[in-house]
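As structure tokens, the structure follows; a few thoughts come after it.
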Amino acid sequence: MSTFMLKNRSLGFTPVNNVFIEKYMPQARGEFVKVYLLMLKYTISGELGVSSSILASSLNLLESDIMNAFNYWNDQGAIKLTQIDKMGNFNVEFVDLVEEPSKSTKQIDLLEALDSTNTKDMLKDIETLLARPLSPNEMSLYLNWQKEFGFSSELILILMEYCISKGKSDSRYIEKVAIAWHDQKITTIEQAQNLIKKAEDKWINIRKILTYLGINNTDIMKPQQDLIEKWLLIYKYSNEIIFKACDVCFERLNRADFKYIDGILSNWNKNNIRTLEDIALKDNKNPKNNKYQKTYTTNNNDKSSLKFNNFEAREYDYDSLEKKLLGWDSDD
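Note that full-length UniProt numbering has the sequence shown beginning at 1, numbered continuously upward.
Below, the structure is given as structure tokens:
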């Protein structure tokens, strides 16, 4: 029996699925597309792995941009991002993108639905919000929400306005929001408005915290968002307390560190510390927290604090010294 060894040869090019080009790429930010293509190139070339710093340097981006891109493509279903450990290492698997088959029943339902004036008006309003015509698949998607989720035309328009106001016009993202509303049993305009207000209040606080930390990019990584939501929604800390934890972090590390801030707030929550007064009281009880504070003796009368005071002063005959310097001591 013979064995034939094969020598791997790089293709010299990177094949890109047409589904990615037609459906995923148009809605994505340019830097996200660059990260996807470069990672795809590394995968096709047989690279075992690549660091975020190398990707950032190659694409002239920040490492946070690299992580945001991976989270985006994971949310879109274009890759599978799996965390390996708590050191920031991940497995990245590219998903086989396939064209979703169109069902003839949907097309028939669409033709029937277009006979309704209310339906036509809703679709026109959606096109106005998106500033582009809708595809048949998009029309079918939005109309099916009326059947499957029980959404009214007005509720669908509110959902669309909400997503577009956040800068999200991709149909996959909008569909995820619709599914989330359905899971939360949102069926009326009032329920939708209350949900939106609650979400907006949360994001107002998140933006304030990010601004306090000097982070202007609102597209933060999912782990960072989860930590901030834990501080606000689970620990129920006010921005004032979170800002104080940020101050402590900066005083000790001279930089912002989400995990360090989380450790501070988790410790405060464990010890039922809820106010600035509680924090001050805890610091006073724990001298280690004041290890950077120095006390200085300012009493000038305490001569023992001066280490040169114990020298015995010498007495000099300055007249005799002067005569010696001038040579007068040899005169009679």
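For every residue, glycine included, the Cβ atom is placed at its ideal position computed from N, Cα and C.
No experiment lies behind these values; they were computed from the predicted model shown.
- Counting along the chain, the unbroken beta strand (DSSP E) around Thr82 starts and ends at 79–83.
- Three or more pairs of CB atoms, one per stretch, sit closer than 8 Å, so the region 118–135 contacts the region 154–166.
- Bridge partners of Asn91 according to DSSP: Thr82.
- A straight line joining the alpha-carbon of Lys41 with that of Ile174 spans about 30 Å.
- Residues of the same chain with a CB within less than 6 Å of the CB of Cys163, apart from the 5 flanking positions on each side, are Ile174, Val177 in chain order.
- In this model, Lys185 and Arg132 are separated by some 30 Å (Cα to Cα).
- Bounds of the alpha helix (DSSP H) holding Tyr72 are 63–76.
- Distance between Pro223 and Cys246, taken at the CA atoms: about 17 Å.
- Taking C-beta atoms as the reference points, Met67 and Met221 count as a pair closer than 8 Å.
- Comparing alpha-carbon positions, the option among Glu138, Phe250, Ile264, Ala78 lying closest to Leu97 turns out to be Ala78.
- The alpha carbon of Ile261 has as its nearest neighbour, out of Glu47, Leu210, Lys285, Asn71, the alpha carbon of Leu210.
- Spatial neighbours of Trp231 in its own chain (CB-CB distance under 6 Å, excluding positions within 5 residues in sequence) are listed in chain order as Tyr237, Ile242, Leu265.
- Between Ser153 and Asn118, the beta carbon gap of about 6 Å places them in contact (Cβ cut-off 8 Å).
- Per the coordinates, the alpha-carbon of Leu130 lies some 40 Å from the alpha-carbon of Lys86.
- In this structure, Gln83 sits near Phe90, with a CB-CB distance shorter than 8 Å.
- In the structure shown, Gly49 falls within a coil segment according to DSSP collapsed to helix, strand and coil.
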